[in-house]
Ligand code: CAA
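Numbering (the working numbering), first residue to last: 3 to 262.
This is the structure we're talking about:
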């Protein structure tokens, strides 16, 4: 499978993945979903990659959804496979062992918002619009949107966005807890890369512990989640980076984390 619809660039421990179908507003067809899956699998394996930024080509869209023209021709059985393909990708992203930032540079609709919600942090341009417009196509979200929106923003927001199908602007999305930061469009890349650089310089094993504890622990009941957190906490006492981080504090110097 070619990875052509996804561009890849590395900068100081940060891998930037760009969905590159600007003439289709970066819509997710099966080929693009497969390419993204391969790109995230490779980034997970590569120890030089400490953080990942995901974005879309051009200035208009992050991702304007699943490819509607492709979906139009699918049978119910194929529609099920399409949903599962998308859901597997979203779950892979959500379970990445290193932080993934969505740089939302424009429309994040349908599968595009689902993609952004699977990332760990979302930085949006003030010009971005986010929504789950599937009902307007006679559909429901199929890449995990009903579930992640519910968990991120609560039932009221999930029902509002999915029932009305009307996108919201970035400021309203932030009020709903859907995005972490809203920045002027001209500053989006610089602001996102600043956060990515901070994460890339941080202690990778601790970041992984946070991701495991919040993502997996958060899917358990409180008692199991707390036990899971303790297990992550205890495990880090075996790491050189924990000794380095605590020693650096005591010695009043900057820590140098080595992913060990
Ligand atoms: N799938 C396929 N093609 C898409 C697309 C999509 N989701 N979104 C945009 N495009 C294509 C358009 O068809 C158009 O292609 P042509 O030039 O070949 O006609 C090109 O991208 C540019 O789009 P527009 O001309 O429509 O641009 P616009 O500025 O007038 O409108 C928009 C922008 C409001 C985002 C509009 O494109 C739009 O509404 N797109 C669809 C959004 C949507 O419904 N997304 C949800 C998809 S369903 C889904 O994602 C299911 C799921 O959960 C898995």
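Note that the Cβ used here is the ideal one computed from N, Cα and C, for glycine as well.
All of these numbers come straight from a predicted model, not from anything done at the bench.
CA-CA distance, residue 240 and residue 215? Stepping through the chain shown from its first residue, residue 240 is reached at position 238. Stepping through the chain shown from its first residue, residue 215 is reached at position 213. The straight-line gap from Cα to Cα measures roughly 17 Å.
With distances taken between CB atoms, is the gap from residue 117 to residue 132 smaller than 7 Å? Start at 1 with the first residue of the chain shown, and residue 117 comes out as number 115. Start at 1 with the first residue of the chain shown, and residue 132 comes out as number 130. Against a cut-off of 7 Å, the Cβ pair of residue 132 and residue 117 comes out as no contact.
For residue 136 and residue 112, the rounded distance between their alpha carbons: On the chain shown, residue 112 is found 110 positions in, with the first residue counted as 1. On the chain shown, residue 136 is found 134 positions in, with the first residue counted as 1. Between residue 112 and residue 136, the C-alpha separation is close to 6 Å.
Please classify residue 105: does DSSP put it in a helix, a strand, or coil? Here residue 105 corresponds to residue number 103 of the chain shown, with the count starting at 1. If DSSP states are grouped into helix, strand and coil, residue 105 belongs with the strands.
For the pair the segment 165-176 and the segment 58-69, tell me if three or more CB-CB distances fall below 8 Å. no
beta-carbon residue 225 near the ligand CAA non-hydrogen atom, thresh 6 Å: On the chain shown, position 223 is the one that residue 225 refers to. No, Cβ of residue 225 sits at least 6 Å from all heavy atoms of the ligand CAA.
Exposure label - residue 254; buried when at least 16 CB within 10 Å: Working through the chain shown from its first residue, we reach residue 254 at position 252. Label assigned to residue 254: exposed.
Would you check whether the ligand CAA has a heavy atom nearer than 6 Å to the C-beta of residue 64? In the chain shown, residue 64 corresponds to position 62, counting from 1. No.
Own chain partners of residue 198 with C-beta closer than 7 Å, once the 5 adjacent residues on each side are dropped: Stepping through the chain shown from its first residue, residue 198 is reached at position 196. Only 16, 53, 55 and 103 meet the Cβ criterion.
Option nearest residue 28 by Cα separation, candidates 108, 124 and 230: Looking up residue 28 in the chain shown gives position 26. Checked all of 108, 124 and 230; the closest Cα to residue 28 is 108.
Opening and closing residue of the beta strand (DSSP E) in which residue 12 lies: Taking the chain shown and counting its residues from 1, one reaches residue 12 at position 10. Segment 8-13, the beta strand (DSSP E) holding residue 12.
So residue 51 and residue 45 are supposed to be a Cβ contact under 8 Å. How far apart are they, rounded? On the chain shown, position 49 is the one that residue 51 refers to. On the chain shown, position 43 is the one that residue 45 refers to. Contact flag correct, Cβ pair sits at about 5 Å.
Flag this pair as yes or no: are the beta carbons of residue 211 and residue 238 separated by less than 7 Å? For the purposes of this step, residue 211 is identified with residue 209 of the chain shown, where counting begins at 1. For the purposes of this step, residue 238 is identified with residue 236 of the chain shown, where counting begins at 1. Residue 238 sits close to residue 211, with the two beta carbons spaced by under 7 Å.
Residue closest to residue 94, alpha-carbon to alpha-carbon, out of 78, 146 and 83: Here residue 94 refers to the residue found at position 92 when the chain shown is read from its first residue. Out of 78, 146 and 83, 146 has the C-alpha closest to the C-alpha of residue 94.
Mind checking which residues open and close the beta strand (DSSP E) that includes residue 17? Within the chain shown, numbered from 1, the residue matching residue 17 stands at position 15. Taken as a continuous stretch (DSSP letters only), the beta strand (DSSP E) holding residue 17 covers 16-21.
In angstroms, rounded to a whole number, what distance separates the CA positions of residue 34 and residue 59? Counting from one through the chain shown, the residue named residue 34 turns up at place 32. Counting from one through the chain shown, the residue named residue 59 turns up at place 57. So the alpha carbons of these two residues sit roughly 13 Å apart.
Could you please give the first and the last residue of the uninterrupted alpha helix (DSSP H) stretch that includes residue 32? Taking the first residue of the chain shown as 1, we reach residue 32 at position 30. Its alpha helix (DSSP H) spans residues 32-47.
Can you name, in chain order, every residue of its own chain whose Cβ lies under 6 Å from the Cβ of residue 91, other than the five neighbours on each side? As a working note, residue 91 is residue 89 in the chain shown. Correct list, in chain order: 35, 38 and 39.
Cutting at 7 Å between CB atoms, please list the residues of its own chain near residue 244, excluding the five before and the five after it. The residue given as residue 244 occupies position 242 in the chain shown. For residue 244, where only same-chain residues beyond five positions count, the Cβ hits under 7 Å are 238.
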